[in-house]
Amino acid sequence: MSKSLQAIRGMNDILPEQTPLWRYFEGTVARLLDNYGYRQIRMPIVEFTELFKRSIGEVTDIVEKEMYTFDDRNGDSLTLRPEGTAACVRAVLEHGITGGGQVQKLWYVGPMFRHERPQKGRYRQFHQIGLEVFNLEGPDIDAELIVMTWRLWGELGLRDAVKLELNSLGTSESRGRYREALVEFLSAHIDKLDKDSQRRLKTNPLRVLDTKNPETQAILVDAPKMADYLDDESRAHFEGLKARLDAVGIPYVINPKLVRGLDYYSKTVFEWVTDKLGAQGTVCAGGRYDGLVEQMGGKPTPGVGFAMGIERLVLMLEALDKVPEELSRQVDVYLCAFGEAAELAALSLSERIRDQLPNLRLQINAGAGSFKSQFKKADKSGALYALILGDDELAQQVVGFKPLRGQGEQQSIAWDALAAHLATCVVQG
Numbered sequence: 406m407s408k409s410l411q412a413i414r415g416m417n418d419i420l421p422e423q424t425p426l427w428r429y430f431e432g433t434v435a436r437l438l439d440n441y442g443y444r445q446i447r448m449p450i451v452e453f454t455e456l457f458k459r460s461i462g463e464v465t466d467i468v469e470k471e472m473y474t475f476d477d478r479n480g481d482s483l484t485l486r487p488e489g490t491a492a493c494v495r496a497v498l499e500h501g502i503t504g505g506g507q508v509q510k511l512w513y514v515g516p517m518f519r520h521e522r523p524q525k526g527r528y529r530q531f532h533q534i535g536l537e538v539f540n541l542e543g544p545d546i547d548a549e550l551i552v553m554t555w556r557l558w559g560e561l562g563l564r565d566a567v568k569l570e571l572n573s574l575g576t577s578e579s580r581g582r583y584r585e586a587l588v589e590f591l592s593a594h595i596d597k598l599d600k601d602s603q604r605r606l607k608t609n610p611l612r613v614l615d616t617k618n619p620e621t622q623a624i625l626v627d628a629p630k631m632a633d634y635l636d637d638e639s640r641a642h643f644e645g646l647k648a649r650l651d652a653v654g655i656p657y658v659i660n661p662k663l664v665r666g667l668d669y670y671s672k673t674v675f676e677w678v679t680d681k682l683g684a685q686g687t688v689c690a691g692g693r694y695d696g697l698v699e700q701m702g703g704k705p706t707p708g709v710g711f712a713m714g715i716e717r718l719v720l721m722l723e724a725l726d727k728v729p730e731e732l733s734r735q736v737d738v739y740l741c742a743f744g745e746a747a748e749l750a751a752l753s754l755s756e757r758i759r760d761q762l763p764n765l766r767l768q769i770n771a772g773a774g775s776f777k778s779q780f781k782k783a784d785k786s787g788a789l790y791a792l793i794l795g796d797d798e799l800a801q802q803v804v805g806f807k808p809l810r811g812q813g814e815q816q817s818i819a820w821d822a823l824a825a826h827l828a829t830c831v832v833q834g
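Counting in this note's numbering, the sequence shown runs from 406 upward without gaps.
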């Protein structure tokens, strides 16, 4: 096949066999967020490049190496969004919905784009569900975000597969003092640092803490700790967060090397990590960014949020066999009709059933065919039951009701009783 007719490397099709699990995951998250009072916002996938340079930081890996940036016909530099927070902040500023201290609890879902090496669960076009809260500054809202994700892991059956890591980055002032101490320490060991860490030491030294290089990690054992440089406000905030997590019974570990890869974070940062996809990876991460709105031209506005990677969480559900059994079925009931008169009656009958049972997945055989071929299609669909409508059934205004999975004999059900029978057998289990 011609290369031009293939998907771009790292940008994948999500096929019909995969979409039921995606819809299940996204629907579970959406219901949870609705129940906690969050509202959905939808932003464009393309923004002015300057937005991400101002918010993420020009010396971050994302801006320096990973963004998909191009000039449009007007000569404007545009970028496919690499993350959602900056775009969400732009939207709330543009539309003034956080003015006057209004609390906004927002969430979004969609594709993000980063030009990095594709690997399992990590692609150049990837999908995230993100959440942002504005104008709440206490540790209670930080705790709510973590509690919500803990509840989500419970609903998905993933609690035993994830671990919560916490840290506090303090204010920009306390982080500046820590940065000076860290640079002084690392500069004394610069010859032993890996090349990437040597580069980061000059541009974004806190990211050295996030290195995967074992030799540099060994050096960092004796490095200054952020906790020793925290201001009193940040320390009290972090203790308040931990107290709330303890009250709910959510286990966590303090990771002093957790810094996140974006410049705008302050105070609380957290990650949910797993080792169920090979090497330890992050499936959900976030924290506070109290200075970001002001940095982007707005009034001082507290902010906190997180994002979770859909690809990785879908992979976890599959790897841990947490995919609901009903997702393997395309339909619940398959209606087989034989003869033109029966086909017309089947169409009318199926719509009556859908009126009464709107959640029932009912499919009519399209294109007719022999008895054998229709039943082969019914079985392949994964349906629990087949409905049979031929000339004899049409004359008696009944359908044949045949179980396709497990035990049970075929029986005849009157049309008027069919919806109630299906409700008992399929909808109610």
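Glycine included, every Cβ here is placed at the ideal spot set by N, Cα and C.
Practice task
For phenylalanine 453, count neighbouring C-beta atoms within 10 Å of its own C-beta (all shown protein chains included) and say buried if the count is 16 or more, exposed if not.
Solution key: Reading the sequence shown from its first residue, position 48 is the one you call residue 453. With fewer than 16 Cβ atoms within 10 Å of its Cβ, phenylalanine 453 is classed as exposed.
Handout entry: Contact belief for proline 449 with glutamate 471 at Cβ below 8 Å, rounded distance in angstroms
Key = For the purposes of this step, residue 449 is identified with residue 44 of the sequence shown, where counting begins at 1. For the purposes of this step, residue 471 is identified with residue 66 of the sequence shown, where counting begins at 1. About 19 Å separates the two Cβ atoms, so there is no contact after all.
Exercise for the section: Express the C-alpha separation of valine 451 and threonine 474 in angstroms, rounding to a whole number. Expected result: The count along the sequence shown starts at 1 and reaches residue 474 at position 69. The count along the sequence shown starts at 1 and reaches residue 451 at position 46. Roughly 9 Å between the two C-alpha positions.
Practice task
Could you spell out where the alpha helix (DSSP H) holding phenylalanine 453 opens and where it closes?
Solution key: Within the sequence shown, residue 453 is the residue found at index 48, counting from 1. First-last for phenylalanine 453: 451-453, but that is the beta strand (DSSP E), not the alpha helix (DSSP H).
Exercise for the section: Label leucine 722 either buried or exposed according to how many other C-beta atoms from any shown protein chain fall within 10 Å of its C-beta, with 16 as the threshold for buried. Expected result: As a position in the sequence shown, residue 722 is number 317, starting the count at 1. Counting Cβ neighbours within 10 Å, leucine 722 comes out buried, since at least 16 surround it.
Exercise for the section: Leaving aside the five residues before and after glutamine 801 along the sequence, list all residues of the same chain whose C-beta is less than 8 Å from its C-beta, in chain order. Expected result: Taking the sequence shown and counting its residues from 1, one reaches residue 801 at position 396. Cβ within range, chain order: Ser817.
Problem - Backbone secondary structure at phenylalanine 743 - three-state DSSP - result: As a position in the sequence shown, residue 743 is number 338, starting the count at 1. Three-state result, phenylalanine 743: coil.
Handout entry: Beta-carbon proximity check, alanine 791 vs tyrosine 739, cutoff 8 Å
Key = Translated into the one-based positions of the sequence shown, residue 791 becomes position 386. Translated into the one-based positions of the sequence shown, residue 739 becomes position 334. It is a contact, given that the beta carbons lie within the stated cut-off.
Exercise for the section: Quick one: grab the DSSP three-state call for asparagine 618. Expected result: Here residue 618 refers to the residue found at position 213 of the sequence shown. Three-state result, asparagine 618: coil.
Exercise for the section: Go ahead and label asparagine 440 buried or exposed: buried means 16 or more other beta carbons lie within 10 angstroms of its beta carbon, across all protein chains shown. Expected result: Walking along the sequence shown from the start, residue 440 turns up at place 35. The residue in question, asparagine 440, is exposed, as its Cβ has fewer than 16 Cβ neighbours within 10 Å.
Exercise for the section: Within the region 542-574, note down every full beta strand (DSSP E) run reaching 3 residues or more, in order along the chain. Expected result: 568-573
Handout entry: Touching by the beta-carbon criterion (3+ pairs, under 8 Å), the region 588-606 and the region 650-667
Key = no
Exercise for the section: Please report how far the alpha carbon of aspartate 547 lies from the alpha carbon of isoleucine 659, in whole angstroms. Expected result: Locating residue 547 in the sequence shown gives position 142, where the first residue counts as 1. Locating residue 659 in the sequence shown gives position 254, where the first residue counts as 1. Straight-line Cα distance between these residues: approximately 15 Å.
Practice task
May I ask you to verify whether the region 700-707 touches the region 751-765, counting CB pairs closer than 8 Å and requiring at least 3?
Solution key: no
Problem - 3 or more residues per run - each beta strand (DSSP E) lying fully within the region 684-732 - result: 686-693 and 708-714
Exercise for the section: Tell me where the beta strand (DSSP E) around leucine 583 begins and ends. Expected result: Mapped onto the sequence shown, residue 583 falls at position 178. Here residue 583 turns out to be tyrosine, not leucine, going by the sequence shown. No beta strand (DSSP E) contains tyrosine 583, which is instead part of the alpha helix (DSSP H) from 577-592.
Practice task
Using the DSSP secondary-structure output, state which residues sit across from glutamate 676 in a beta bridge.
Solution key: Indexing the sequence shown from 1 puts residue 676 at position 271. Glutamate 676 pairs with Glu570 and Ala690.
Practice task
Assign alanine 788 to one of three DSSP states: helix, strand, or coil.
Solution key: Along the sequence shown, read from residue 1 onward, the residue named residue 788 stands at position 383. Residue state, collapsed to three classes: coil.
Problem - Limits of the alpha helix (DSSP H) - the one that glycine 645 falls within - result: Walking along the sequence shown from the start, residue 645 turns up at place 240. Per DSSP, glycine 645 belongs to the alpha helix (DSSP H) from 637-653.
Problem - Enclosing alpha helix (DSSP H) for threonine 490 [first to last residue] - result: Here residue 490 is taken as the residue at index 85 of the sequence shown, counted from 1. Segment 490-500, the alpha helix (DSSP H) holding threonine 490.
Exercise for the section: Closer than 7 Å by C-beta to leucine 809: which residues in its own chain qualify, once you throw out the five before and the five after it? Chain order, please. Expected result: Counting from one through the sequence shown, the residue named residue 809 turns up at place 404. Excluding positions up to five away in sequence, the list reads Ala783, Asp784, Ala788, Leu789, Tyr790 and Ala791.
Practice task
With DSSP as the reference, please indicate the residues paired to aspartate 476 in a beta bridge.
Solution key: For the purposes of this step, residue 476 is identified with residue 71 of the sequence shown, where counting begins at 1. Answer is Ser482.
Problem - Straight-line gap, arginine 584 to lysine 600 (C-alpha atoms, nearest Å) - result: For the purposes of this step, residue 584 is taken as residue 179 along the sequence shown, with counting starting at 1. For the purposes of this step, residue 600 is taken as residue 195 along the sequence shown, with counting starting at 1. Approximately 19 Å, taken between the alpha carbons.
Handout entry: Nonlocal neighbours in the same chain, by C-beta distance under 8 Å from aspartate 796, ignoring five residues either side
Key = In the sequence shown, residue 796 corresponds to position 391, counting from 1. So the qualifying residues of the chain are Phe743, Gly744, Ala746 and Ala747.
Practice task
Tell me, please, which residues DSSP counts as bridged to isoleucine 534.
Solution key: As a working mapping, residue 534 is identified with position 129 in the sequence shown. According to DSSP, isoleucine 534 bridges with Val514 and Met713.
Problem - phenylalanine 539 versus Gln509, Arg564 and Gly805, residue with shortest Cα-Cα distance - result: For the purposes of this step, residue 539 is taken as the residue at position 134 of the sequence shown. Measuring from the Cα of phenylalanine 539, the nearest candidate turns out to be Gln509.
Handout entry: Check whether phenylalanine 430 and isoleucine 551 have beta carbons under 8 Å apart
Key = Sequence index remark: in the sequence shown, residue 430 carries index 25 (1-based). Sequence index remark: in the sequence shown, residue 551 carries index 146 (1-based). Cβ distance not < 8 Å, so phenylalanine 430 and isoleucine 551 don't count as in contact.
Handout entry: CA-to-CA distance, aspartate 821 to glycine 714, given in whole angstroms
Key = Along the sequence shown, read from residue 1 onward, the residue named residue 714 stands at position 309. Along the sequence shown, read from residue 1 onward, the residue named residue 821 stands at position 416. Their Cα atoms are separated by approximately 47 Å.
Practice task
Determine the contact status of threonine 484 and glutamate 537, defining contact as a CB-CB distance below 8 Å.
Solution key: Taking the sequence shown and counting its residues from 1, the one referred to as residue 484 is at position 79. Taking the sequence shown and counting its residues from 1, the one referred to as residue 537 is at position 132. Cβ distance not < 8 Å, so threonine 484 and glutamate 537 don't count as in contact.
Problem - Between the CA atoms of leucine 410 and aspartate 695 - distance to the nearest angstrom - result: The residue given as residue 695 occupies position 290 in the sequence shown. The residue given as residue 410 occupies position 5 in the sequence shown. If I take the Cα positions, the gap works out to 45 Å.
Problem - Separation of leucine 682 from threonine 503, as counted between CA atoms - result: Here residue 503 refers to the residue found at position 98 when the sequence shown is read from its first residue. Here residue 682 refers to the residue found at position 277 when the sequence shown is read from its first residue. Taking the straight line from one Cα to the other gives about 39 Å.
Exercise for the section: Would you mind giving the Cβ-Cβ distance between cysteine 741 and glutamine 779, rounded to the nearest angstrom? I have them listed as a contact below 8 Å. Expected result: Looking up residue 741 in the sequence shown gives position 336. Looking up residue 779 in the sequence shown gives position 374. Yes, cysteine 741 and glutamine 779 are in contact; Cβ-Cβ is about 4 Å, under 8 Å.
Problem - Neighbour-count burial assignment, phenylalanine 643, 16 or more Cβ in a 10 Å radius - result: For this step, residue 643 is matched to residue 238 along the sequence shown. Buried: at least 16 other Cβ atoms inside 10 Å.
Problem - Segment limits, beta strand (DSSP E) that includes glutamine 768 - result: Counting from one through the sequence shown, the residue named residue 768 turns up at place 363. Note, glutamine 768: beta strand (DSSP E), 767-769.
Handout entry: Close-in-space but distant-in-sequence residues of the same chain around arginine 564 (CB under 8 Å, 5 per side omitted)
Key = What you label residue 564 is simply residue 159 of the sequence shown in a count that begins at 1. Excluding sequence neighbours, arginine 564 sits near Trp555 and Trp558.
Practice task
Pick helix, strand or coil for proline 425, following the three-state DSSP scheme.
Solution key: Your numbering for residue 425 matches position 20 in the sequence shown. Residue state, collapsed to three classes: helix.
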